[in-house]
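Notes to accompany the following structure.
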Amino acid sequence: MTKVSLPLEGGCQCGAVRYRLSAAPLMIYCCHCTNCQKITGSAFVLSATVSEAAFEFVKGTPEKTEWKSDAGNSRYGWFCGDCGCRIAHGQTPSIGLLSLRAGTFDDTSWVEPSGHIWTRSAQPWIRFGPDDILCDVQPTDYAPFVERFQSLGLF
55 MTKVSLPLEG GCQCGAVRYR LSAAPLMIYC CHCTNCQKIT GSAFVLSATV SEAAFEFVKG
115 TPEKTEWKSD AGNSRYGWFC GDCGCRIAHG QTPSIGLLSL RAGTFDDTSW VEPSGHIWTR
175 SAQPWIRFGP DDILCDVQPT DYAPFVERFQ SLGLF
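Be aware that the sequence shown starts at 55, since it is given in our numbering, and climbs by one per residue.
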């Protein structure tokens, strides 16, 4: 297995907004909530949970939008004002973590979800594997997701 080197870099579709991540993600997961379905225009979003302190924009100034999550939390999202690409989401008040859109990494070859959340909103054609970590709603304990991701030994 090839190790992933830090820092990780990525950005929006058009290249106007770029970021750098100086620490490994804690986990990667698929979220099937209705907010993520609408935001992505797809069945789920693939997110990397990252330390807010390890994340920085290095080019461009992202736009910001705010909403209430399916769990009732105050959320915000950064996106490119030119192409509309979502980059990352956070919570107000901050919990020190961001949900970085994993598809925005320059290299996505190593990206693998460690589990699925909000599965009660999953599209009926989604098929989960027998070993997948599943949570019907917002998990109260992400330890199994983090342990599964760390067991991959990517960093």
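Cβ atoms here follow ideal geometry from the backbone N, Cα and C, with glycine treated the same way.
Residue i vs residue j beta-carbon contact at 8 Å
{"i": "residue 203", "j": "residue 64", "result": "no"}
{"i": "residue 93", "j": "residue 167", "result": "no"}
{"i": "residue 186", "j": "residue 169", "result": "yes"}
{"i": "residue 71", "j": "residue 131", "result": "no"}
{"i": "residue 124", "j": "residue 88", "result": "yes"}
{"i": "residue 85", "j": "residue 179", "result": "no"}
{"i": "residue 108", "j": "residue 76", "result": "yes"}
{"i": "residue 144", "j": "residue 120", "result": "no"}
{"i": "residue 174", "j": "residue 190", "result": "yes"}
{"i": "residue 100", "j": "residue 183", "result": "no"}
Nearest-angstrom Cβ-Cβ length linking residue i and residue j, presumed shorter than 8 Å
{"i": "residue 129", "j": "residue 141", "result": "At roughly 14 Å, the Cβ-Cβ gap does not stay under 8 Å, so residue 129 and residue 141 are not in contact."}
{"i": "residue 90", "j": "residue 116", "result": "With a Cβ gap of about 18 Å, residue 90 and residue 116 do not count as contacting."}
{"i": "residue 151", "j": "residue 103", "result": "6 Å"}
{"i": "residue 139", "j": "residue 67", "result": "5 Å"}
Same chain, Cβ closer than 6 Å to residue i, neighbours up to 5 away in sequence not counted
{"i": "residue 74", "result": "61, 63, 110, 112"}
Cβ neighbours of residue i in the same chain (closer than 8 Å, five flanking residues each side left out)
{"i": "residue 164", "result": "56, 58, 208"}
Per DSSP, cross-strand counterpart(s) of residue i
{"i": "residue 117", "result": "133"}
{"i": "residue 143", "result": "131, 153"}
{"i": "residue 101", "result": "83, 155"}
{"i": "residue 111", "result": "73"}
Sequence-distant residues of the same chain with beta carbon closer than 7 Å to residue i, five excluded per side
{"i": "residue 200", "result": "80, 81"}
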